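Chains as they are written, first to last, in this note's numbering: chain A, 1 to 430; chain B, 1001 to 1234; chain C, 2001 to 2333.
No residue lacks a Cβ here, since even glycine has one placed at the ideal position from N, Cα and C.
Computed from a predicted structure; not experimentally measured.
Dropping the structure here:
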């Protein structure tokens, strides 16, 4: 069976699955699932670029999603007049200047050899520059943060711009961070890169969770506006409450699908083109590619940044859709490993596979809970009948079941379909 | 009875076979040398004997027993040892520990064997506490051979023991090999220094494209004008 | 003087405690890397699992009326928990990693497989224990040890808990035992040999499958120990050790992957660095507050407590950039 036919069958099966689930859960729920799963598909596409094309092991997807969320919150949330009327902006401006000055200092120290400072002394000067920059920045940001949180309106608020701008900014922000991270970490071996990216995403989480002045931290920000009409807007126009949710979500879904389609088209084209061929050459044989004069690190940096852009946009879309930004709700399991399972099960290196995996795994993830609950209820009823007593706390147990299911799914996939359900098509290029 | 006999061995790493019918037979008293151009399957032959690649045809009989595709941890106790060409010592471990690892499959007291190895290579006794990674190339080769001898093999397989050594050490290593052989260990080795190695070989095998081209005693092969012309550089 | 004791309690003692946990965890990571050449990402969850095994054993012991007068029951059952966890670790290898190795999968596939193991272990723990926290000291008292310092004007005491003391003793025993095993026993040497050069180990006739099994037994046992020690110090929860997987890997990498003693050094380095980084250094300067030309801030910490995690990461990145194979020159693939 050709890969194309196989993919067609799998997508048809997936469609049936969505219809069945939709029939069981109702149109409002399935439209919610669809929006989220297509947003995840965008993120999975990002990981597919990094891992499938480039062989880069990114364990820090969660961080990129969080950055996207923070970006869209900042761009699209209404303006906080109290903050802008206080001393806050000025103090933040100073902190920003301090940060820039710090970077300049470090940049200067790294060029200290031009002044004749070499070897050990240069390292010493560089370390010193880092320390000074850090102290200068902290001396400005700490009071600014304390002031904003107490007297300056609590937090900076948003800019009140269109959410789609926020999504784009999410991509830009993720790209910026990915560039810095990639510069530092991409020379590392796979295992080291995995650990380093975990570290970075944990640091991003710690920052966004604790920078209350910027993100309100654990206090969470809501409601974040939608780019498309909200159910409430439709209700105001006389649509019934039940229908308003479906139509509003379908409207949002249409926008997500457009973005996904554009991203997919671009990524797919790049894959087939010379750039994609070179990436695969680098992935499959690092050393040979380098000896052929390819700038391996440069190409890997490109791919890392590109993948992160899609992750940032996807993360922003998810936050917009949920209307709430809660840095405390991000977990590596839900936001990093879930994506990995999607790409591995779908087929690393194949964009159709990544999208397929995202849809399949997201729906599996979401229905594991009710299915487990139904199964447990049945077992519990049976065990009560025969006198063993029922299962306590079924609801909370069932909701944990999906983590287990996810683990089983990836294990089975690695064992029986190690290249994924829609595997990469290896073309012989003569 | 030959200690090892390869009959029409065919094998490779899964793709097209690299060995297309290799025939080798030597006695335990022999020093057998396999020579041939690059890519002829010399090292591959040794690896095939030692179970490191898949043999798909023919037979390998060691000491009267068919052993094709048996793994090293079964072959070593039967009396077969292998010294790879590169990375053939445990660099972070002391010389003595390297020797001990050679005796891993033994359950009896291996100290007499270690004494015997130290007598054969006295320099190793001096350096026995040093990490093997700190030794010179020639000394490492001795550690590697010593390690292989610790299992008291009947046959020792050596993959280019002289590779990377300066000419002075090449001769020394060959002398050591003869000494080991005199002590009753059969030798089957692959050599790049073909002429030098054939000079003291009792059996020589010239391989090309995975097949035997010439077989004879070392002296016969050196004397054969065709071998000399095609494989020994004139 | 009081300030110095405060420093000792908060940096030195806390650092030793944290460092011991990191070190014992990192040994397992580094051994598995040395033998199997992949970063066993599920190691943190193996630690959590070990702690839950100890917790179950303790509950069972207490239910049977078995109590110990001096030691916490959770600590007494530790050896049994280590045995059980070692057996589970062997089972995990057989069920998840061995089939992939048999197929000749690349190490990175094993790394991905360890995500699956992470999810399954966490899922099972949450399924059976819920996502709340559990304490080893519901029925027993966690004893606090206070040592007064016999100096004039000193009111503060040197404080630590009994589990902390026990954990340091246990760590020392484990490290000495591991050292003897690796340098004196035939199997231990074979393990080092395989970590040094796996191909040559195979050629030497070393039973590599046996070595792999021993590695999992040791890694599993030590994981149970590290997890239980952590749970005795704080509380038991499903993501107990998952959250410290970063410092543990940092310790293993900083010490040089594949080097057990490097991992120990790395563990303590990171443990001390973390406690020192979040320590309020302003306390130490307080006695001189009057003679300083500027006003002393109330808190002067290198990083705020919430960002403790960044310390391990910064050390990791600096070491990787400065010496990519770790301070003690670790293995490379």
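What residues of chain B sit near residue 2203 (chain C), judged by a beta carbon separation below 9 Å?
1050, 1052, 1072, 1076, 1081, 1082, 1083, 1084, 1088, 1148
Which runs of the alpha helix (DSSP H) fall wholly inside the segment 56-106 of chain A and span at least 4 residues, in chain order?
61-76, 81-84
Mind pulling the alpha helix (DSSP H) runs of 4 or more residues that sit fully within the segment 257-318 of chain A?
274-284, 286-291
What are the residues that DSSP puts in a beta bridge with residue 1998 (chain C)?
Given a span of 2001 to 2333 for chain C in the structure shown, any question on residue 1998 (chain C) remains unanswerable.
Would residue 2188 (chain C) and residue 2253 (chain C) be called neighbours here (beta carbons separated by less than 7 Å)?
no
May I have the straight-line CA-CA distance separating residue 305 (chain A) from residue 140 (chain A), to the nearest angstrom?
30 Å
One or two residues paired with residue 2134 (chain C) in a DSSP bridge
C:2236
Is it the case that the Cβ atoms of residue 345 (chain A) and residue 333 (chain A) are separated by a distance below 7 Å?
no
State yes or no: is the C-beta of residue 2011 (chain C) within less than 7 Å of the C-beta of residue 2279 (chain C)?
yes
Could you check what DSSP says for residue 1165 (chain B) in three-state terms: helix, strand or coil?
coil
Straight-line gap, residue 2332 (chain C) to residue 52 (chain A) (C-alpha atoms, nearest Å)
Residue placement at residue 2332 (chain C) is poorly supported in this model, since its pLDDT is 43, which falls under 50; the coordinates are not used for a value here.
Is the segment 86-97 of chain A touching the segment 335-352 of chain A, taking contact as three or more C-beta pairs under 8 Å?
no
Can you name the residues of chain A whose CB is closer than 8 Å to the CB of residue 2099 (chain C)?
415
If you run the structure through DSSP and keep just helix, strand and coil, what is residue 1021 (chain B)?
strand
Within-7 Å CB hit, residue 2328 (chain C) to chain A:
no
Using a threshold of 7 Å, state whether the C-beta atoms of residue 2349 (chain C) and residue 2032 (chain C) are closer than that.
Outside the displayed span of chain C (2001 to 2333) sits residue 2349 (chain C), for which this structure offers no information.
Length at least 4, wholly inside the segment 2038-2090 of chain C: the alpha helix (DSSP H) runs in chain order
2043-2063, 2073-2076
Which ranges does the alpha helix (DSSP H) cover as unbroken runs of at least 4 residues, wholly within the segment 1060-1103 of chain B, from first to last along the chain?
1072-1078, 1095-1102
Any beta carbon of chain B sitting closer than 7 Å to that of residue 2198 (chain C)?
no
For residue 1014 (chain B), which residues in the same chain have their Cβ closer than 8 Å to its Cβ, ignoring the five residues on either side in sequence?
1054
Starting from residue 1159 (chain B), follow its DSSP beta bridges and name the residues at the other end.
B:1190
Name the DSSP bridge partner or partners of residue 1038 (chain B)?
Bridge partners of residue 1038 (chain B): none, in fact.
Buried or exposed: which applies to residue 292 (chain A), given that a residue is buried once 16 or more other Cβ atoms fall within 10 Å of its Cβ?
exposed
Short check: CB of residue 451 (chain A) to CB of residue 68 (chain A), under 7 Å?
Here chain A covers residues 1 to 430 and nothing more, so residue 451 (chain A) does not appear.
By the criterion of Cβ-Cβ separation under 8 Å, what are the contact partners of residue 474 (chain A) in chain C?
Since the first residue shown for chain A is 1 and the last is 430, residue 474 (chain A) is missing from the structure and cannot be characterised.
Can you list, in chain order, the residues of its chain whose CB lies under 8 Å from that of residue 434 (chain A), leaving out five sequence neighbours each side?
Here chain A has residues from 1 to 430 only, and residue 434 (chain A) is not among them.
Excluding the 5 residues preceding and the 5 following residue 2221 (chain C) in the sequence, name in chain order all residues of the same chain whose CB lies nearer than 6 Å to its CB.
2082, 2086
In this structure, does DSSP put residue 377 (chain A) in helix, strand or coil?
helix
Cβ shell of residue 2310 (chain C) (< 8 Å), same chain only, five flanking positions each side left out
2303
Could you check how far apart the C-beta atoms of residue 1009 (chain B) and residue 1058 (chain B) are, in whole angstroms? I think they sit under 8 Å.
4 Å
Taking only beta-carbon atoms, is residue 2010 (chain C) less than 7 Å away from chain B?
no
I need the boundaries of the alpha helix (DSSP H) containing residue 2126 (chain C), first residue and last residue.
2107-2129
Given that residue 188 (chain A) touches chain C, what residues does it touch there, using C-beta distances under 8 Å?
2320, 2324
Member of C:2204, C:2240, C:2124 whose CA lies at the smallest distance from the CA of residue 1106 (chain B)
C:2204
At a Cβ cut of 7 Å, what residues of the segment 1093-1113 of chain B count as close to chain C, listed as they run along the chain?
1093, 1097, 1100, 1101, 1102, 1104, 1105
Run through DSSP, which three-state label would residue 332 (chain A) get?
helix
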